[in-house]
Amino acid sequence: MSRPGHRDRERDKYEPPNPRRTHSIMSPEDVQNGKKSYWPELEITGSIRNLSPSLWAMTHLTSLYLNENSLSRIPADIARLTSLM
């Protein structure tokens with residue numbers, strides 16, 4: 001039984017919906033040495049109602065996950081993401 005106000009660490013831990021998707025964080029040294037990140041997939045969750053127009057410039061994306069959001073429609077501009085599979 002947990003104490004009132006006690007935070008459950010397991011509940012706050014992020015677990016991706018698909019264990020095959022992994023993430024890595026570049027170290028400050030990598031950034032300083034000019035290493036570039038490359039991520040072909042993007043997951044946007046959390047009751048989002050609108051998508052930023054800058055999303056449509058990410059033409060390198062091969063996967064876009066928009067689960068568990070409050071989107072009422074997907075803009076036609078999604079067609080600009082020509083690498084989506």
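Position one of the sequence shown corresponds to residue 1 (UniProt numbering), numbered consecutively onward. Think of the CB as a built atom: it goes at the ideal place given N, C-alpha and C, for glycine as much as any other residue.
field: DSSP bridge partner residues for L64 (one or two, in chain order)
entry: Locating residue 64 in the sequence shown gives position 64, counting from the first residue. Bridge partners of L64: L42.
- prompt: To which residues of the same chain is E43 closer than 6 Å at the C-beta, ignoring the five residues directly before and after it?
  reply: As a first step, residue 43 is located in the sequence shown; it is residue number 43 there, counting from the start. Excluding sequence neighbours, E43 sits near Y65.
- prompt: Which stretch, first to last residue, makes up the alpha helix (DSSP H) that contains D77?
  reply: Along the sequence shown, read from residue 1 onward, the residue named residue 77 stands at position 77. D77 -> no alpha helix (DSSP H), and no H or E assigned at all.
- request: Return helix, strand or coil for S72, following the three-state DSSP convention.
  value: What you label residue 72 is simply residue 72 of the sequence shown in a count that begins at 1. Reduced to three states, the DSSP call for S72 is coil.
Pairwise C-alpha distance: W56 and L84: Position 84 of the sequence shown, counted from the first residue, corresponds to residue 84. Position 56 of the sequence shown, counted from the first residue, corresponds to residue 56. About 11 Å.
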